[in-house]
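Enquirer:
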Amino acid sequence: MSKEKQRREALLYHAKPQPGKIKIVPTKPYSTQRDLALAYSPGVAEPCLEIEKNKDDVYKYTAKGNIVAVISNGTAVLGLGNIGPEASKPVMEGKSLLFKIFADIDGIDIELDTEDVDKFIETVKTIAPTFGGINLEDIKAPEAFEIERRLKEELDIPVMHDDQHGTAIISAAALLNAIELTNKKIDEVKIVVSGAGAAAVSCTKLYKAFGANGKNIVMLDSKGVIRSDRENLSEEKKEFATDRKIDTLEEAMKDADVFIGLSIANIVTPKMLKSMADDPIVFAMANPNPEIAYDLACKTRKDVIMATGRSDHPNQVNNVLGFPFIFRGALDVRATKINEEMKMAAVRALADLTREPVPEQVNIAYDATRLAFGKEYIIPKPFDPRLITTIPLAVAKAAMESGVAKAPIQDWDKYEEELYQRSGNDNKVVRLLHNRAKVNPKRIVFAEAELLDVMKAAQIVYEEGIAEPILLGHKPTIESLKKELDFDAEVTIIDPRSDEVKELRTKYALRLWESRKRKGETQYSARVNMGKRNYFGAMMLLEGDADGMISGYSRSYPKVLRPVFEVLGRAKGVKNASTVNIMITERGPLFLADTSINIDPNAEELAEIAQMTANVASTFGFNPVVAMLSYANFGSSIHPNAQKVKEAVRILHEKNPDLVVDGEIQTDFALSQELCNNNFPFSKLSGKKVNTLIFPNLESANITYKLLKGLNKADSIGPIMVGLTRAAHILQLGASVDEMVNMTAVAVIDAQEREKRRKTRSGAE
């Protein structure tokens with residue numbers, strides 16, 4: 001993607017459909033006059049009076065305990081420097097967004113128009129009663145040190161400058177694990193730190209807290225090695241000044257065990273890396289380009305353990321692994337501060353989590369057979385669902401043990417369950433989809449590439465590395481659209497009717513006729529059909545000339561379904577293909593089936609649909625908990641419509657006793673654990689969180705998913721076709737660009753899974 005294109009997209013993202021990235025939504029009913037009288041005057045007086053009598057009751061009656069202020073003066077923003085408070089606002093909104101999606105914390109961004117330390121501190125102290133915690137962000141050093149120190153001393157709520165401590169906590173966890181892998185000792189390793197800003201100082205202090213020897217540490221700033229004989233050193237730099245008579249990074253790197261980079265790109269050369277000790281540990285964390293490129297470092301030293309700040313390489317030191325969960329734990333026990341004990345607890349929890357077996361959902365997200373503790377896995381992945389239940393819990397315990405918790409947790413099992421229910425534990429399906437697709441992009445046919453929105457989707461998946469698009473349609477029209485969109489990449493364009501592909505079209509037509517000559521297909525009709533994009537695209541898949549296909553944006557579902565079925569057919573052992581929609585809801589993803597194909601399936605067909613849908617859930621890393629829906633509950637009706645669902649459940653229990661599936665059951669009982677537990681404790685669904693809903697007919701499934709999508713504005717991924725021989729997926733008429741991008745990722749993952757199965761079969765043979 002060109003810089004200008006990226007610029008336009010970034011500006012559009014932040015400006016439309018409404019400016020900014022966050023908003024405030026009500027958490028209480030407000031539809032009636034009674035609701036409003038309780039929310040405001042006169043009812044609101046009662047909690048006010050209670051808080052007046054006991055100030056701590058503000059946590060009981062208001063949202064204070066779940067609100068963190070993200071505060072900056074814009075003096076050290078990302079790689080942009082001192083750009084001022086207004087210009088820093090998009091970054092602070094972004095930080096607030098991360099707080100919400102990863103730990104269900106409401107972040108409120110506040111930008112202060114002052115570089116005066118005293119004014120900054122006084123302002124924060126004045127507004128502090130509003131918040132449960134303060135996250136300081138993008139404040140230049142050395143002012144950042146004093147601001148944080150004084151606010152921690154003078155406020156009774158958690159305060160943390162994430163630029164300092166976030167990187168320190170994540171990198172310290174990675175360092176502990178890397179040192180263990182090299183069989184070295186932290187008090188003996190020689191450490192070189194390139195950079196002397198807030199993050200570098202905080203990192204080095206934390207390493208010392210875990211046992212690193214100050215005499216073995218060399219720190220460098222823009223002037224070179226920080227030596228004890230240098231004049232005008234700040235107090236922070238004095239702590240790390242060395243007595244060694246060296247001046248340059250090259251000298252410092254000789255025989256060093258660890259390099260910590262928090263400076264600028266490409267300052268470490270292969271020669272420097274070669275001069276380090278055996279099994280060197282290199283954390284090159286400058287962004288977006290590290291101090292030495294990952295591939296270059298690994299090529300130079302086979303024994304290097306490498307980490308960067310980038311997501312496209314193993315061992316990403318990403319602050320999102322820390323700050324949301326640290327504040328979550330601190331808020332949940334009403335900690336008066338985030339102290340060293342709490343930060344060190346977060347480090348240990350992250351380090352220990354890396355050594356535990358990785359959930360299948362994480363392996364799937366990164367297309368790994370099995371991630372395991374080792375050189376390329378020394379820190380958890382951001383998609384790891386265990387972060388929300390591990391880090392806050394460790395931080396909360398440390399707060400209690402160190403005496404700064406005002407609301408100690410009594411029931412740890414209950415607290416862990418509450419953490420799991422927070423948004424951000426399993427509500428990451430879209431990010432998971434895209435991330436997994438990028439690991440091994442596939443060739444995806446876009447059968448309607450002459451249409452602007454389809455072309456936009458193709459451009460996005462290409463530029464994001466999700467897929468390699470193959471564009472079908474009138475070539476001049478497609479080229480014109482590409483020019484209009486500034487889509488200048490060299491991608492395959494095919495016009496099925498053109499003379500350029502006459503030979504291929506003839507070959508495809510013969511193949512279609514051979515497979516369907518006893519089903520009414522003539523050689524003439526086969527040749528005609530191969531001039532149609534959906535037939536041509538499907539045949540590309542069948543012949544191995546493409547890996548997947550997306551169509552249906554401009555045509556009704558049945559019209560696209562027919563050529564796909566005729567060319568590809570059903571997979572071996574599948575009686576009826578079906579479709580699944582993934583609905584992204586506040587309670588997490590829901591897998592709904594069958595939403596598009598089978599009008600009134602019988603019991604056997606329902607059982608097959610349920611099994612295939614459960615397989616889809618498993619493919620995306622979720623343990624399927626399947627409710628077979630009906631208007632009746634467990635035998636309350638003898639009508640055939642209810643009885644067929646009951647029979648489908650019997651078939652599933654018999655054929656796959658390990659599958660968590662039950663019914664017939666009404667939707668409200670399926671979705672409410674309390675209702676199910678109280679009324680049907682015998683059910684396999686009792687005590688389980690249902691994530692897969694199988695409907696008794698097409699009518700109910702299609703209406704339900706469109707109601708969810710239309711009324712609740714729930715995002716939908718689908719319909720995902722299951723049961724075909726190839727990865728072909730048909731969009732809903734008029735699908736949005738985002739929906740097409742998501743379905744392309746689905747098609748890529750589908751193709752990846754089919755490739756794995758083929759390799760497994762060929763290996764077995």
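Going by full-length UniProt numbering, the first residue of the sequence shown is number 1, and it counts up by one from there. Where is the CB? At the ideal position from N, CA and C, for every residue including glycine. This one's a predicted model, so the numbers in the text were calculated from it and none came from an experiment.
#1: Taking Cβ to Cβ, would you say lysine 140 is nearer than 7 Å to alanine 76?
#2: Between which two residues does the alpha helix (DSSP H) harbouring phenylalanine 536 extend?
#3: Look at proline 314 and glutamate 376 and say whether their C-beta atoms are less than 7 Å apart.
#4: What would DSSP say about alanine 103, mapped onto helix, strand or coil?
#5: Restricting to Cα atoms, I'd like to know which of Cys676, Gln611, Glu674 and Lys688 is closest to phenylalanine 695.
#6: Pull the bridge partners of alanine 728 from the DSSP assignment, please.
#7: Would you mind reading off the limits of the alpha helix (DSSP H) that contains aspartate 303?
#8: Do three or more CB pairs link the region 154–170 to the region 227–241 at distances below 8 Å?
#9: Answer yes if the region 583–590 comes into contact with the region 552–569, meaning at least three C-beta pairs across the two stretches below 8 Å, and no otherwise.
#10: Is it buried or exposed for alanine 728, if we count other Cβ within 10 angstroms and need 16 for buried?
#11: Going straight from the alpha carbon of asparagine 289 to that of methionine 306, what length do you get?
#12: Nearest chain C C-beta to aspartate 163 closer than 7 Å, yes or no?
#13: Would you kindly work out how many angstroms separate the C-alpha atoms of valine 201 and glutamine 164, rounded to a whole number?
#14: If you scan the region 632–694 from start to end, which runs of the beta strand (DSSP E) of 3 or more residues do you find wholly inside it?
#15: By Cβ distance, which residues of its chain are closer than 6 Å to serine 716, with the 5 residues on each side in sequence left out?
#16: Thinking valine 317 and valine 282 are a contact (beta carbons under 8 Å), I'd like their distance in whole angstroms, please.
#17: Which parts of the region 457–542 are runs of the alpha helix (DSSP H), unbroken and 4 residues or longer, counting only runs that do not cross its ends?
#18: Taking 7 Å as the threshold (C-beta atoms), are glutamate 93 and glycine 20 in contact?
#19: Look up aspartate 257 in the DSSP assignment and say whether it is helix, strand or coil.
#20: Aspartate 113: which of Glu122, Gln732, Leu675 and Asp106 sits nearest, CA to CA?
#21: Can you list, in chain order, the stretches of the alpha helix (DSSP H) that have 4 or more residues and sit fully within the region 282–362?
#22: If phenylalanine 634 and glutamine 361 are in contact, beta carbons under 8 Å, what's the gap, nearest whole angstrom?
#23: Classify tyrosine 524: buried if its beta carbon has 16 or more other beta carbons within 10 angstroms, exposed otherwise.
#24: Short of 8 Å in beta carbon distance, which residues of its chain neighbour isoleucine 83, apart from the five on each side in sequence? Order them along the chain.
#25: Taking 7 Å as the threshold (C-beta atoms), are leucine 698 and isoleucine 609 in contact?
#26: State the start and end residues of the unbroken beta strand (DSSP E) segment that holds aspartate 715.
#27: On the DSSP bridge list, what partners appear for methionine 628?
#28: May I ask whether a heavy atom of the ligand MG can be found less than 6 Å away from the beta carbon of lysine 646?
#29: Please state the DSSP three-state secondary structure of phenylalanine 591.
#30: Do you know how far the Cα of glutamate 154 is from the Cα of aspartate 247?
#31: CA-CA distance, alanine 293 and proline 90?
#32: For phenylalanine 131, collect the residues of the same chain with a Cβ closer than 7 Å to its Cβ; drop the 5 residues on either side in sequence, then sort them by chain order.
#33: Here's a check: name, in chain order, each residue in its chain whose Cβ is nearer than 6 Å to the Cβ of asparagine 213, leaving out the five neighbours to either side.
#34: Per the contact definition of three or more C-beta pairs closer than 8 Å, is the region 536–555 in contact with the region 719–727?
#35: Can you look up aspartate 426 in the DSSP assignment and give me helix, strand or coil?
Expert: The structure says:
#1: Contact flag set, yes.
#2: 533–542
#3: yes
#4: helix
#5: Gln611
#6: Met549
#7: It is not in any alpha helix (DSSP H) - aspartate 303 carries neither H nor E in the DSSP assignment.
#8: Contact fails: fewer than three Cβ-Cβ distances are below 8 Å.
#9: no
#10: Buried, by the Cβ-count rule.
#11: 14 Å
#12: No chain C is part of this structure, which consists of one protein chain only.
#13: 8 Å
#14: 660–665 and 692–694
#15: Asn581, Met583 and Lys709
#16: Contact doesn't hold; Cβ gap of about 12 Å is too wide.
#17: 475–484, 502–516, 523–529 and 533–542
#18: yes
#19: coil
#20: Glu122
#21: 294–300, 323–332 and 340–354
#22: Not confirmed; about 31 Å, so no contact.
#23: exposed
#24: Gly74 and Val77
#25: no
#26: Where aspartate 715 is concerned, the enclosing beta strand (DSSP E) stretches over 715–722.
#27: Gly663 and Ile694
#28: Summarising the ligand content, the structure contains no ligands, and the ligand MG is consequently not present.
#29: Strand at phenylalanine 591.
#30: Approximately 40 Å between the Cα atoms of the pair.
#31: Each residue's alpha carbon lies about 29 Å from the other.
#32: Lys64, Ile67, Val68, Ala69 and Ile157
#33: Asp187
#34: Yes, the region 719–727 is in contact with the region 536–555.
#35: Because the pLDDT at aspartate 426 is just 47, under 50, the model does not fix this residue reliably, and the value given afterwards should be weighed accordingly. Here aspartate 426 carries a coil assignment [DSSP, helix/strand/coil].
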